[in-house]
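Protein chains in written order, with numbering that gives the first Met the number 0: chain W, 0 to 214; chain F, 0 to 214; chain H, 0 to 214; chain U, 0 to 214. Using N, Cα and C, we set each Cβ at its ideal position, and we do this for glycine too. Note that the coordinates shown come from a computational prediction; the quantities given were computed from them, not determined experimentally. In what follows, a single structure is set out as structure tokens and then discussed.
Protein chains: 4
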Amino acid sequence: MTTHKARRKLDHRTRVGRERSARTETRILEAALRVFADMGPDAPTIDDFVQAAGISRGTFYNHFDSVEELLAATSEWTTRESLEAIEKAIEGLEGPALRFGVGLRLFFAKAQADPVWSTFVGRVWKVGGFELPARDFVQGLRLGIFRVSGSEAARDLLFGGIREALLRMGSGRIPAGYGAQMTELCLQALGTDARRIAAVMSHELPGRGTPRRRR
Amino acid sequence: MTTHKARRKLDHRTRVGRERSARTETRILEAALRVFADMGPDAPTIDDFVQAAGISRGTFYNHFDSVEELLAATSEWTTRESLEAIEKAIEGLEGPALRFGVGLRLFFAKAQADPVWSTFVGRVWKVGGFELPARDFVQGLRLGIFRVSGSEAARDLLFGGIREALLRMGSGRIPAGYGAQMTELCLQALGTDARRIAAVMSHELPGRGTPRRRR
Amino acid sequence: MTTHKARRKLDHRTRVGRERSARTETRILEAALRVFADMGPDAPTIDDFVQAAGISRGTFYNHFDSVEELLAATSEWTTRESLEAIEKAIEGLEGPALRFGVGLRLFFAKAQADPVWSTFVGRVWKVGGFELPARDFVQGLRLGIFRVSGSEAARDLLFGGIREALLRMGSGRIPAGYGAQMTELCLQALGTDARRIAAVMSHELPGRGTPRRRR
Amino acid sequence: MTTHKARRKLDHRTRVGRERSARTETRILEAALRVFADMGPDAPTIDDFVQAAGISRGTFYNHFDSVEELLAATSEWTTRESLEAIEKAIEGLEGPALRFGVGLRLFFAKAQADPVWSTFVGRVWKVGGFELPARDFVQGLRLGIFRVSGSEAARDLLFGGIREALLRMGSGRIPAGYGAQMTELCLQALGTDARRIAAVMSHELPGRGTPRRRR
DNA sequence: TATGAATGAGAATTCATTCAT
DNA sequence: CATGAATGAATTCTCATTCAT
């Protein structure tokens, strides 16, 4: 991981310095994830991050210029890895319903395994930030596998519903099987027929090698 | 000890004062609705409300102690009236699906007619704040009219989806028929059968006497 | 009692109006005595008096222009009456030691009987505000009845000590006989001989018709 | 993981920072002493201290949370050193009267030498804040060297009188020998016999190496 | 790079004062 | 005269940002 500020001059720094810097940056990001999850995207002050990361004010500014930039970096850091893992895990599956549904199951599995991550994404996610797997969604509509009265409305319903689910999962107060139920409901909302839903739910979960985020 | 005239004068002074105060409070609430819709619940400063309402700082504090309290008051003021109107309009309808569905249509009609209101509610609404019409929802489940894999998950999906719809409507960028589509999708998500959905969508919208909020 | 502001125009006001005004002013003064006793001369805000007196802000300004003016008025109102009563009660007594000592005993009797008054005077009294009975003090020194190493120092010691006694009495936590002891100590500090002190302490307390302050 | 050099550098930074901070804090305390002496404990605003110390508002809050806290710190800082010096100077003296009396003389010497200090202590001192030398006082009573009609009253008389003396000394308008006179009067008030008083007054003042407070 | 003291702009809050009724 | 809503200057307090070490 490279630092966010001052990517130039890398050659002149010692390897030790670079490693130390990268470690500091990781500490800040880890702290930021917790802080944003706890306080939302607007409330926290720089001091909140400084204290949570156990660094000094000056050090913060050596890595990030503002809370906003830190939020963007935390989103990126937190999200890309997970989504790529899912993307990869489902790419071999046949048909948009199966890919979409199994992808959702993986997504909720991740959320349930890491409540802080779940809360963070639920609070910070903006539509257009990280996309629903648009390809499968569109393809499913085109093929008539998903039958909805309006595609915009469908996307909003799913997006909002999934975000709510993330917040709920982050709070820890969920009934058993919540993730699976949510997946079924999303497919049902899309008008998927019962047989295809059953296929999704009974499919073996692939890619259980999702790399752990924390060092 | 005070004369009758004096007492009447006293009452008059009191009444006039109260009226002026109530008018000012309404001005603040109207301004707050706009400001919260624009900036969200956390960002605005007291001065934002002061300027939007055209009052002085001191006057603000004569009416509300903090932004948080103003937010609560604005939520209440903004919400109760509308929900009661819908409640009343659907109370004569037969069956939970019809009541729930027509209620949703009315809700979205209100949202579409008042984008500021829509954005405000979309941004501020918390689960448990103002409730989904729990009675119809539960009753529909019990009667088997709604068929879902998990009631908690179903409620979260709808709640999050509807909030997302409000934000979308507040932004103004919605396709024609968006409210109706959203309603259909919500019912479809609940597993309602096609005939009942059709009944909801073709039902005449009652209570088109919703009183306008703005003076 | 005349109002503090706008003494002119008195002729044109009705008697009823004047009486009402005087009553209001007394209410404010009574409240002010309590408030100043509780909070000292600097801390209280106009609102503290307004609330304690059960009047409106405007009414306050009809009677007093500032807290400072109210303080002066309260001091005057609170003090003159008592001091004149004491002055009168001791004027027939023979010799400065007897007059001074019995005067002190009366003063402490008043203080013990009215803790609020005691605290107020203790907190607000400034040297030169209301004077120690200078005449008896000076005369006692001249006659050699009081023997002190420095008259300035003696006056300061007594003044400060008496103020402290007032605060103590206002707090209510005093041993039995505190007032008498304090009187004896004051005389002892002045070098008064034992026989004269005994005469002071055994003298009957005159003028037990001190009018009560509260209506 | 950190090199020895890095650690030394760290310590150096820390030490330099601490020193600067301590210097700033001293500047604030010095300014506060003057400001409180001038304006009393209640009147001054944060800005008064900020301007008197030549610092920024933010810096004030880096060191003290409120005027009240600053007052406490100033009292402590201003008082402990002086009292300990006196305590130490008199500890070798024989008998409570001598210790108490010489202690008083030293106290007044300090007050006369530093009028700002004198005014500050006179205005801020509360009973129980920094104590009269209770041990000598009590011991003198027990031994019959001090003869008073009530010990509570005696303590209050002395405490109030001494405070008044401090204010007077701070004002600068005192006759020659004021401190000595006040000392004599205090002892006289306690009923000390003439010979002991004379012994106190003629005793050489010890410990004239009281370190100056200001830098 | 890391540190943390100092800074000052800006946001929150209080409160004396005015004034229409 | 009495009322109390409105006002805005003064004050308190927070926090992003700088900078010497």
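Measuring only the C-alpha atoms, how far is residue i from residue j?
i, j, result
"PHE145 of chain F", "ALA21 of chain F", "45 Å"
"PHE223 of chain H", "THR58 of chain H", "With chain H covering 0 to 214 only, the question about residue 223 of chain H has no answer from this structure."
"ALA96 of chain U", "LEU189 of chain U", "10 Å"
"LEU140 of chain U", "GLU163 of chain H", "21 Å"
"PHE106 of chain H", "ALA152 of chain U", "15 Å"
"GLU29 of chain F", "ALA52 of chain F", "8 Å"
"GLY121 of chain H", "VAL34 of chain W", "53 Å"
"LEU204 of chain W", "LYS109 of chain F", "43 Å"
"ILE85 of chain W", "GLY100 of chain W", "11 Å"
"ARG213 of chain U", "ALA31 of chain U", "Residue confidence for ARG213 of chain U is low, a pLDDT of 44 falling below 50, so the modelled location carries little weight and cannot support an answer."
"CYS185 of chain U", "PHE63 of chain F", "57 Å"
"GLY91 of chain W", "ALA198 of chain W", "15 Å"
"ALA88 of chain H", "GLY94 of chain U", "44 Å"
"ALA72 of chain U", "ARG17 of chain F", "48 Å"
"PRO43 of chain H", "PHE119 of chain H", "13 Å"
"TRP116 of chain H", "ARG26 of chain H", "15 Å"
"LEU181 of chain U", "PRO40 of chain U", "Sequence check: residue 181 of chain U is Met here, not Leu. Each residue's alpha carbon lies about 26 Å from the other."
"ARG104 of chain H", "ASN61 of chain U", "52 Å"
"GLY217 of chain F", "ALA133 of chain F", "Examination of residue 217 of chain F is not possible in this model, given that chain F is present from 0 through 214 alone."
"ASP192 of chain H", "GLU68 of chain U", "48 Å"
"SER74 of chain U", "LEU82 of chain U", "12 Å"
"ALA175 of chain U", "SER55 of chain H", "53 Å"
"VAL66 of chain U", "LEU157 of chain F", "53 Å"
By the 10 Å Cβ neighbour count, where 16 or more other Cβ atoms means buried, how is residue i classified, buried or exposed?
i, result
"ARG195 of chain F", "buried"
"ARG50 of chain F", "Checking the sequence, you will find Gln at residue 50 of chain F rather than Arg. Exposed is the call here."
"GLU183 of chain U", "buried"
"HIS11 of chain U", "exposed"
"LYS125 of chain H", "exposed"
"SER201 of chain F", "exposed"
"ALA112 of chain W", "exposed"
"ASP135 of chain W", "buried"
"ARG79 of chain F", "exposed"
"ASP155 of chain H", "buried"
"VAL167 of chain F", "Note on identity: in this sequence residue 167 of chain F is Arg, with Val being the wrong assignment. The residue in question, ARG167 of chain F, is buried, as its Cβ has 16 or more Cβ neighbours within 10 Å."
"VAL15 of chain F", "exposed"
"ALA36 of chain F", "buried"
"GLU24 of chain H", "buried"
"THR13 of chain U", "exposed"
"GLY143 of chain F", "exposed"
"GLY171 of chain F", "exposed"
"ARG19 of chain F", "exposed"
Is there a Cβ of chain W sitting closer than 7 Å to that of residue i, yes or no?
i, result
"SER201 of chain F", "no"
Would you say residue i lies against chain U (beta-carbon separation less than 7 Å)?
i, result
"ALA153 of chain H", "yes"
"ASP47 of chain H", "no"
"GLY53 of chain H", "no"
"PRO174 of chain H", "yes"
"ALA42 of chain H", "yes"
"ARG167 of chain H", "yes"
"LEU9 of chain H", "Confidence at LEU9 of chain H is low in this model, with a pLDDT of 47, below 50, so the placement of that residue is unreliable and no value is reported for it."
For chain F, check one thing: does any of its Cβ atoms lie closer than 7 Å to the Cβ of residue i?
i, result
"SER65 of chain W", "no"
"GLY190 of chain W", "yes"
Closer than 7 Å, CB to CB, is residue i near chain H or not?
i, result
"ARG194 of chain U", "no"
Below 6 Å, is the gap between the Cβ of residue i and the nearest heavy atom of the ligand MG?
i, result
"ARG194 of chain F", "No copy of the ligand MG occurs in the structure displayed, which carries no ligand at all."
Using a Cβ-Cβ cut-off of less than 7 Å, list which residues of the region 104 to 128 of chain H approach chain U; keep chain order. none
Taking a Cβ distance cut-off of 9 Å, strictly less, list which residues of the region 176 to 187 of chain H are near chain U, in chain order. GLY176, TYR177, GLY178, ALA179, GLN180, MET181, THR182, GLU183, LEU184, CYS185 and GLN187
If you scan the region 1 to 57 of chain U from start to end, which runs of the alpha helix (DSSP H) of 4 or more residues do you find wholly inside it? 3 to 38 and 45 to 52
Interface residues of the region 139 to 165 of chain F facing chain W [CB-CB below 8 Å]: VAL147, SER148, GLY149, GLU151, ALA152, ALA153, ASP155, LEU156, LEU157, PHE158, GLY159, GLY160, ILE161, ARG162, GLU163 and ALA164
For the region 87 to 98 of chain H, enumerate the residues whose C-beta is nearer than 8 Å to any C-beta of chain U, in chain order. none
Starting from the N-terminal side, write out each stretch of the alpha helix (DSSP H) that is 4 residues or longer and does not extend beyond the region 90 to 143 of chain W. 95 to 112, 114 to 123 and 133 to 141
Mind listing which residues of the region 24 to 41 of chain H have their C-beta closer than 8 Å to chain U's C-betas, in chain order? GLY39 and ASP41
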